[in-house]
Amino acid sequence: MQHAAEAFPQTQELKTHNHLIDDKAALDAAWEQDGYWFFRDVLDKAAVARLRQSWIEELERNRVIDPVGSSATDKSVAYNGGSLETFPFRMEPIAAKRPWVQFVAEQPINAFFTRLFKDDPFWVPVVEYRATPPQQDRTKSRIDAIHQDGPFSPGIPFRICWIPLAEIDADIGGLMLAEGMAADRVSYHPKVEGGSNGAIPLDAIPADRWRRTTYQAGDVLLMNLWTPHTGLANRSDRFRLSMDHRVMAKGDKCPLVGIIEDISESHVVIRNAQGEHRLTIDPETYVRNTVGQKLNGTAITDFHTIGSEVIIAYDGDRASVVRPPH
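Right, dumping it as structure tokens:
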């Protein structure tokens, strides 16, 4: 019998979609039917290793792993028991360096996504960097927070792009998704105070829909905005290393990305390489913070300040979502 803290649905294996890469119609059909694309061993491993090095250096700096030296890290690195009291769980020092920019510019990485989309990729600067240590309190659930990205970023038709940087097996945890639940674009999130989206309860998802696999460096998982998914707590002795990005084809309706020049409860003005853009904000605009909470009234200008970067989905001159990049 599973202890309550261990309990989560039995998962089936993710489908692989490598054989569909050059068949756009079949890819599009799988996207609607499955709610994701999983590609095995398609990203250049040397490029992934160069990206992973930023994680390794940060873990060494925090003295939570022993010095790696020339040892391979593609199977991840062991936690040495060092203090996690000041550990940057959101990897803010890595976020400040923006290593994703160099990674996606590498020729084999750009070539893969260009081939996949039959178009240049547009990288929405919404990036999460994860170096998740083993779970310290094992009486807690292994399920993080079941969610869909769609209700948090309405109007931005990006694809979630989750990249494992080293092996992530069932003990290390990683990502678990619900297959075949995106086509109807139904939000399973309960609404909470202020119009924010609450976590999806486990029993809202049929138990037989859950999928995962043992992920390896070189794999990539792209998910539909409406696919319910969650992280699983790390029950191994190693760190879980991954990067969570957002990508679109340039021919899609891409959001505006720029620097705030003026903002109020009713409008926002940003500037980017294309010039100045002014958009209205109304009560239905999902103005949000870094954790997805909807902001209203003066909370909008308390959080989003002049000079900060912002991502805006829009319809005409109306903003449908205003969000930070991280």
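In terms of our numbering, the sequence shown opens at residue 1 and continues consecutively.
We put the beta carbon where it would ideally sit given N, CA and C, even for glycine.
This one's a predicted model, so the numbers in the text were calculated from it and none came from an experiment.
Since residue i and residue j are thought to touch, with beta carbons under 8 Å apart, how far apart are those beta carbons, to the nearest angstrom?
i      : j      : result
Asn234 : Gly173 : 5 Å
Met176 : Trp210 : 6 Å
Tyr36  : Met181 : About 10 Å separates the two Cβ atoms, so there is no contact after all.
Tyr129 : Ala95  : 6 Å
Leu51  : Phe103 : 5 Å
Phe87  : Asn110 : That pair is no contact at about 33 Å.
Thr11  : Arg212 : 5 Å
Ile146 : Leu202 : 6 Å
Pro99  : Asp237 : Not quite, the Cβ-Cβ distance comes to about 26 Å (not below 8 Å), so this is no contact.
For residue i, count the other beta carbons within 10 Å of its own beta carbon; 16 or more makes it buried, fewer makes it exposed. Which is it?
i      : result
Arg240 : buried
Asp28  : exposed
Val101 : exposed
Val42  : buried
Pro190 : exposed
Gly307 : exposed
Glu179 : buried
Gly275 : exposed
Glu13  : exposed
Glu92  : exposed
Ile259 : exposed
Thr290 : exposed
Ser70  : exposed
Pro108 : exposed
Gly198 : exposed
How many Å lie between residue i and residue j at the Cα?
i      : j      : result
Asp119 : Ile143 : 36 Å
Ala49  : Ala217 : 8 Å
Pro154 : Ala72  : 41 Å
His267 : Gly251 : 27 Å
Lys253 : Ile156 : 8 Å
Val192 : Glu284 : 15 Å
Ile263 : Arg271 : 12 Å
Leu84  : Val64  : 8 Å
Pro121 : Met248 : 6 Å
Arg115 : Leu20  : 11 Å
Gly297 : Lys15  : 44 Å
Glu333 : Thr301 : Residue coverage of the chain in this structure runs from 1 to 326, which leaves residue 333 outside it and unanswerable.
Asp44  : Phe113 : 12 Å
Trp55  : Ser141 : 26 Å
Ile311 : Phe117 : 22 Å
Met243 : Asp171 : 19 Å
Phe38  : Leu256 : 28 Å
Leu279 : Ala30  : 35 Å
Pro151 : Ala46  : 36 Å
Trp123 : Arg246 : 6 Å
Glu265 : Gly316 : 18 Å
Arg318 : Ser76  : 45 Å
Val322 : Ala313 : 7 Å
Ile205 : Tyr188 : 8 Å
Asp282 : Thr305 : 18 Å
Tyr286 : Leu295 : 8 Å
Asp74  : Glu57  : 14 Å
Thr230 : His17  : 21 Å
Ala200 : Pro228 : Checking the sequence, you will find Ile at residue 200 rather than Ala. Computed Cα separation, rounded: 8 Å.
Ala105 : His277 : 27 Å
Gly82  : Asp22  : 47 Å
Spatial neighbours of residue i within its chain, please: CB distance less than 7 Å, with the 5 preceding and 5 following residues excluded, ordered by chain position.
i      : result
Asp149 : Ile160 and Leu225
Thr132 : Asn234, Phe239 and Arg240
Pro67  : Glu60
Pro325 : Pro125, Val126, Glu309 and Ile311
Which residues in the same chain as residue i place their Cβ atom closer than 8 Å to its Cβ, once the five residues preceding and following it in sequence are excluded?
i      : result
Ile293 : The identity of residue 293 in the sequence shown is Gln, whereas the question assumes Ile. Counting only Cβ-Cβ distances below 8 Å, and skipping sequence neighbours, we find Gly194 and Ser196.
Gln33  : Gly180 and Ala183
Lys97  : Ser54
Ala5   : Note on Ala5: pLDDT 49, under 50, position unreliable in the model; the coordinate value appears next. Closer than 8 Å at Cβ, skipping near neighbours: Arg138, Thr139, Lys140, Ser141 and Arg142.
Please confirm if residue i has its CB atom under 9 Å from at least one CB of chain C.
i     : result
Asp22 : Protein chains in the displayed structure number just one, and chain C is not present.
Which residues in the same chain have their Cβ closer than 6 Å to the Cβ of residue i, if we skip the five residues on either side of it in sequence?
i      : result
Glu261 : Val269 and Arg271
Leu221 : Phe38 and Trp162
Ala299 : none
Arg185 : Trp226
Pro9   : Ala207 and Trp210
Asp219 : Arg40 and Pro164
Phe158 : Val124, Arg246 and Met248
Below 8 Å, is the gap between the Cβ of residue i and the nearest heavy atom of the ligand FAD?
i      : result
Ala204 : The ligand content of the structure shown is nil, which means the ligand FAD is not present either.
Mind pulling the beta strand (DSSP E) runs of 3 or more residues that sit fully within the stretch 134–179?
159–164 and 174–178
Taking the runs of the beta strand (DSSP E) that are 3 residues or longer, which of them lie wholly in the stretch 191–274?
210–212, 220–223, 229–232, 240–249, 256–263 and 267–272
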